[in-house]
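Numbering (the numbering used here), first residue to last: 437 to 752. Structure record follows, encoded as structure tokens.
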């Protein structure tokens, strides 16, 4: 999908690109999973080559932050959650050339959607491609900060569940949620550090106007303030994981102790029965017509009763 925006009184307005309107007036060209025709249109009208999928997947710094004849290139991770609430990072390719910003991405992203909504009512300050890029990074950092706050909230709730020490399905769900939160926290951290590297490259390589230079430094300060919070999340997750495993081990040891006591209690009667074999002349049960099936039923009940009792106590 190809979208293009132009500036009118320092406000972004969408160009009707489907109606064959030229892209020459666009200050921002946004492409989401573009097909060959859309790539060819950008190339023919604006002379801009777009990154390929393998290039988006490169992780080395030289392939993510560089400058060539096609402009200044920055590939940066953006955080998202899919329809099943699974977290992930998606790479967005930014290119600034001739005062125009090109963005290439593989999916719709919350930060882009939020920025477009804000741009309808908020005017830009300087109205240039660098401000557009930094505004998108600002929106991304706000989203990551919200994710960190959500993780904090979820960890507080899980902390109460674990510290109450109630075993059962709640613990299973808590451990699963902890693993999921650790994965989200790791992806948020990766996104923060990648954005930090991208901004450092931008400040170092681009001749940013004064307003955008200060804006970039402000975003870097925000990232510096968020990274310690993110690190504390990992410490909290590890603490809760260890606490949960500790409570589980204590409960397992208690159950093993109960089983050991039960085994010891029934060992002497078993020894006596095995020694004498229950071979006595006077055993009225031997003359019962239902003695054998009755003994079978009694054995089944003797095995089933402890099992049901242990199951009710959540020892199994």
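Where a beta carbon is used, it is the ideal one built from N, C-alpha and C, also for glycine. As the structure is a computational prediction, the values presented were derived from the model and not from experiment.
For this session: Please look up how many angstroms separate the CB atoms of residue 540 and residue 547, rounded, as I've assumed it's under 8 Å.
Result: Contact flag wrong, Cβ pair sits at about 15 Å.
Exercise. When DSSP builds the beta bridges, which residues end up paired with residue 510?
Worked result: DSSP output for residue 510 lists 501, 530 as bridge partner(s).
Exercise. Is the CB of residue 622 under 8 Å away from at least one CB in chain D?
Worked result: Here there is only one protein chain, and chain D is not present.
Exercise. Going by the CB atoms, is the gap between residue 506 and residue 500 shorter than 8 Å?
Worked result: In this structure, residue 506 does not lie closer than 8 Å to residue 500 by Cβ.
Exercise. Where residue 606 and residue 584 are concerned, what is the direct C-alpha to C-alpha distance, given to the nearest angstrom?
Worked result: Distance between the alpha carbons of residue 606 and residue 584: 23 Å.
For this session: Classify residue 556 as helix, strand or coil using the three-state DSSP reduction.
Result: Here residue 556 sits in coil by DSSP.
Exercise. Between the C-alpha atoms of residue 588 and residue 582, what's the straight-line distance to the nearest angstrom?
Worked result: If you draw a straight line from the Cα of residue 588 to the Cα of residue 582, it is about 10 Å long.
For this session: Report the partner residues of residue 524 according to the DSSP bridge assignment.
Result: Residue 524 is bridged to 516.
For this session: Pull up the distance between the alpha-carbon of residue 649 and that of residue 594, whole angstroms please.
Result: Going from the Cα of residue 649 to the Cα of residue 594 covers about 42 Å.
Exercise. Exposed or buried, which one is residue 538 when buried takes at least 16 other CB atoms within 10 Å?
Worked result: That one is buried.
Problem set entry | Test item: CB-CB of residue 570 and residue 652 under 8 Å | Taking 8 Å as the Cβ cut-off, residue 570 and residue 652 qualify as a contacting pair.
Exercise. How many Å lie between residue 666 and residue 631 at the Cα?
Worked result: Near 15 Å, if we compare the C-alpha coordinates of residue 631 and residue 666.
Exercise. For residue 447, which three-state DSSP category applies?
Worked result: Strand at residue 447.
For this session: Assign residue 639 to one of three DSSP states: helix, strand, or coil.
Result: Residue 639: helix per DSSP, three-state reduction.
Exercise. What whole-angstrom Cβ distance do residue 536 and residue 462 have, given they're in contact under 8 Å?
Worked result: About 7 Å separates the two Cβ atoms, so the contact holds.
Exercise. According to DSSP, what are the bridge partners of residue 610?
Worked result: According to DSSP, which records beta bridges pairwise, residue 610 is partnered with nothing at all.
Problem set entry | Beta-carbon spacing of residue 554, residue 468 below 8 Å | Cβ distance not < 8 Å, so residue 554 and residue 468 don't count as in contact.
Exercise. What did DSSP end up calling residue 487 once you bin it into helix, strand or coil?
Worked result: Assignment of residue 487 by DSSP, reduced to helix, strand and coil, places it in the coil class.
Exercise. Roughly how many angstroms separate the alpha carbons of residue 551 and residue 748, rounded to a whole number?
Worked result: Spanning the two alpha carbons is a distance of roughly 54 Å.
Exercise. Which residue comes first and which comes last in the alpha helix (DSSP H) that contains residue 734?
Worked result: Residues 727-748.
For this session: Tell me, to the nearest whole angstrom, how far the beta carbon of residue 580 is from that of residue 628; I am working on the premise that it is less than 8 Å.
Result: For a cut-off of 8 Å, the C-beta gap from residue 580 to residue 628 is around 6 Å, short enough to register as a contact.
Exercise. Considering only the beta carbon of each residue, do residue 439 and residue 447 sit closer than 8 Å?
Worked result: Taking 8 Å as the cut-off, the Cβ atoms of residue 439 and residue 447 do not count as close.
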